[in-house]
Amino acid sequence: MLDLLLDPSFAASIPRFVTPILLAALGGALCERAGVFNIALEGFLLMGAFAAVLGSYFSGSPYVGALAAMLAGMALGLVFAEFNLRRGGDSIVVSIAINLLAAGLTTFLLRAIFDVTGAFSDAGIVGFGPVRLPLIEDIPFVGQILSGQSALFYVALLCVPLMHVFLARHRLGLRIRAAGENAEALRAGGVEPRRVQLVALLACGALCGLGGAQLSIANVNLFVENMSAGRGWIAVVAVLLTRGRPWPLFFIALLFGAVDSLSFRVQGLGLAQQFTDMMPYLATLIVLVALSWWRARRARGETR
Amino acid sequence: MMETGALNLRNVLPWLWTVLWIASIVLALLLFVGAPVGEALSGFWQGAFGGRRHAYLMATLSRSALIVGMAISVMLSFRAGLFNIGGEGQLVAGGLAAGLIAILLPGPPLVVLAAAIAGAMLAGAAWALLAGVLQLYMGVPLLVGSLLLNYPIRYIGSYLVAHPFRDVPSGMVQSYLVPQATWFAYFPGTRLDIGILFTLTATAFALVYSYGTLHGYHTRLNGLSADFARTVGLPVRRLTLQTLAISGAIAGLVGAIAVFGIHHRYIDGMLVQPLYAWTGIIAVLLVGMVPWAVPISGFFFAAVQTGAAGMERAAGVPKEIALVIQAVIILFVASRVSGALSSRAGRGDGDA
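Chains D and Z, in that order, give the protein sequences.
Just so you know, we're using numbering that gives the first Met the number 0 here: the first sequence kicks off at 0 and counts up by one.
Just so you know, we're using numbering that gives the first Met the number 0 here: the second sequence kicks off at 0 and counts up by one.
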């Protein structure tokens, strides 16, 4: 087991699994901080994965695929905003509907556009290749993790400090936090909170879209029905656990991604695939329980 | 933004707009796939309610047996303020238990059937209780806890019918057939199995429970305001666990109906892929959790799904359009009826 964890090819596979969860969770964090309870990340991811394949297939460029994924995610963000912010629909109801909408639209369009069911793979889908970082790739072990990943991984990585600074210092970041913490004060300051929340939802859609692109045109070059497979929900958990703070979020996503990657790895060790498949969800539950116990203990310590 | 209850033109008009919006989105999708609209619509009607000797109407009823059952299960939780979105896991636990018990237990068919149904209900209840225990004693919000539990049971089921109990000669990932003597009978002259009677029983129970029992009233109070319920001395934790157990048992029962009425075995994905549980959830949300309306709403969504299959046969429209239609309906309607649902869900500060 230990030599497996220290195996550089295992470590090198972690970013593939971290990237979609991290991007989706960062998007979710923006919503959380803006006071939008968005648990439709699963649908956003799935839509992004599909749009990425669509864009890449018709343009031959993964970058167009990623752009299409961002636009698709933003479109769902807009739908969320329309029904939750403007029409006042309950956020959980809207989220559940959007998750279903994404599941339905992707399978519907899969048949309508590509005339296949289940999965679409084609040589015309051009994926993101590995990006080699000179110098860094020569560092033993660490170099193998940091170098040779998809461009989207580096985007995700950059987004963490950027979002931290953005929320702490930038005027819009401040407004996003104000919309979440004290919408009345924001309104009194002449800014309509729902506008700020719309921006957060659009950004969330774009980030989730990129996460979906990592699933479909970086990890593999194909789209499979429901290929987000619960990762959006794991991202939701990450957001809830960290209350949308970027750095803690990064480490939680790292943890979940590592478990995801580990479960993929141990399939080779004779454990039935079904048991490795359930590891990410069990790990997520265990982390939830552990953190809540830790918080409860600390809270008891403070009151004494 | 708030709607008032009185019925006048000012209240009817937005609903007209809603219907128009939904209709135009469906129309746009039909035009997008280049389907002949007239044939598609008549195919929809035929697929949902028509067929020779109403064969398709029977298919709709058969599907409603599952969807209404799941809706009833979810409704009891939601009305108690419990965001149990793990119906899928409870359904799978029930279906799996039903299938395995019927295969493994020797004995007279009726005894086996009764044991399998009881086992399915217990399994569903246990899976729901697990989510409840996670919330009450381990601080995992029910919303995410119940959802995350959907996945392990799905894979456990998949493992059991892929390895120990696999019907290998069939070449599929599925269990052996349950003994034929345990299969639900069909209503005379139809292809509709008697599973729907179980759903009707569960529905009757849920209606009586919601409208006519003190326990149902207490859980409803708990759902409207947990603080109030606690203040007046209701055993909030016990109510929570009991409600989840009832919800889970009904979901497990639905799993048994699918096994004995429709598939006659446990097939990997048979309860997950058609999204019965999620359809049940939106059926409840469509009518704002009003108990008597839930069965109607469940039947409506079953008709949307079989109607879409009819559209596929008649006009080549991918039947997956059903999901899109359902989602669009919920988006437009829920924003009018849902109101205060998520005030206490998900934030993790429920009871723990």
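The C-beta atom is built at its ideal place from N, Cα and C for all residues, glycine as well.
Check, Outcome
"Where do the ends of the beta strand (DSSP E) carrying Ala118(D) lie?", "Ala118 to Ser120"
"In chain A, which residues lie with their C-beta within 8 Å of the C-beta of Trp16(Z)?", "Looking at the structure shown, chain A is missing, and the protein chains on hand are D and Z."
"Kindly say whether Val323(Z), judged by its beta-carbon, lies nearer than 9 Å to any beta-carbon of chain D.", "yes"
"Judging by CA-CA distance, which residue of Phe43(Z), Ser246(Z) and Ala22(Z) is the nearest neighbour of Ala313(Z)?", "Phe43(Z)"
"Give every residue of the same chain whose Cβ lies closer than 8 Å to the Cβ of Asp350(Z), excluding the five residues on either side of it in the sequence, and list them in chain order.", "Note that Asp350(Z) has pLDDT 34, beneath the 50 cutoff, so the model's placement of it is unreliable and no number is given."
"Would you kindly work out how many angstroms separate the C-alpha atoms of Ala187(D) and Asn83(Z), rounded to a whole number?", "38 Å"
"Against chain Z, does Ala102(D) count as a neighbour if the rule is that its beta carbon must be under 9 Å from one of theirs?", "yes"
"Find out if the Cβ-Cβ distance for the pair Leu274(Z), Ala119(Z) is shorter than 9 Å.", "no"
"Report buried or exposed for His263(Z), applying the criterion of at least 16 other Cβ atoms within 10 angstroms of its Cβ.", "buried"
"Of the residues Leu287(D), Met226(D), Ala295(D) and Met277(D), which one's Cα is nearest the Cα of Tyr150(Z)?", "Met277(D)"
"Cβ closer than 7 Å: which chain D residues qualify as neighbours of Ile280(Z)?", "Ile95"
"Alpha carbon to alpha carbon, what distance is there between Ala96(Z) and Gly260(Z)?", "15 Å"
"From the DSSP output, in three-state form, read off Gln196(D) for me.", "helix"
"Give the residues from the segment 267 to 279 of chain Z that approach chain D closer than 8 Å (Cβ to any Cβ), ordered along the chain.", "Leu274 and Trp277"
"Could you name the residues of the segment 254 to 268 of chain D whose beta carbon sits closer than 9 Å to any beta carbon of chain Z, in the order they occur along the chain?", "none"
"Which residue from Asn225(D), Leu254(D), Ser60(D) and Leu209(D) puts its Cα closest to that of Gly72(D)?", "Leu209(D)"
"Could you check what DSSP says for Phe49(D) in three-state terms: helix, strand or coil?", "helix"
"Would you list the residues sitting across from Arg165(Z) in a DSSP beta bridge?", "Ser174(Z)"
"Within the segment 148 to 233 of chain D, note down every full alpha helix (DSSP H) run reaching 4 residues or more, in order along the chain.", "150 to 168, 170 to 180, 182 to 187 and 192 to 213"
"Under a Cβ-count criterion, where at least 16 other Cβ atoms within 10 Å of its own Cβ denotes burial, should Met1(Z) be classed as buried or exposed?", "Model confidence at Met1(Z) stands at a pLDDT of 44, short of 50, so the residue's coordinates are unreliable and nothing is read from them."
"What does Pro290(Z) touch in chain D if you count any residue whose Cβ is under 8 Å from its own?", "Those do not exist, as Pro290(Z) stays about 18 Å from chain D at its closest Cβ, beyond 8 Å."
"To be precise: take each residue of the segment 171 to 201 of chain D, compare its Cβ to all Cβ atoms of chain Z, and keep it if any distance is under 8 Å. Which residues remain?", "none"
"Check whether the Cβ of Pro178(Z) lies closer than 9 Å to any Cβ atom in chain D.", "no"
"Kindly say whether Tyr265(Z), judged by its beta-carbon, lies nearer than 9 Å to any beta-carbon of chain D.", "no"
"Please report how far the alpha carbon of Gln304(Z) lies from the alpha carbon of Leu197(D), in whole angstroms.", "33 Å"
"So the candidates are Ala67(D), Phe127(D), Phe255(D) and Val288(D); which of them puts its Cα closest to the Cα of Gly138(Z)?", "Val288(D)"
"Less than 6 Å between C-beta atoms, sequence neighbours within five positions excluded: which residues of the same chain meet that for Gly231(D)?", "Ala23, Leu40, Glu41 and Leu44"
"Residues in its own chain within less than 7 Å of Ile71(Z) by CB, not counting five upstream and five downstream?", "Ala201, Thr202, Ala205, Ile249 and Val293"
"To the nearest angstrom, report how far apart Ser291(D) and Gly27(D) are at their CA atoms.", "20 Å"
"Keeping to the same chain, check which residues put their C-beta closer than 6 Å to that of Leu233(Z); ignore five residues upstream and five downstream.", "His217"
"To the nearest angstrom, report how far apart Leu214(D) and Ala48(D) are at their CA atoms.", "6 Å"
"Applying the 10 Å Cβ sphere with the 16-neighbour rule, what's the burial state of Ala92(Z)?", "buried"
"Just verifying my parser: in three-state terms, what is the DSSP assignment at Tyr265(Z)?", "coil"
"Nearest chain Z C-beta to Thr241(D) closer than 9 Å, yes or no?", "no"
"Would the beta-carbon of Val219(D) fall within 9 Å of that of Gly126(D)?", "yes"
"Verify whether the separation of the beta carbon atoms of Leu21(D) and Val159(D) is less than 9 Å.", "yes"
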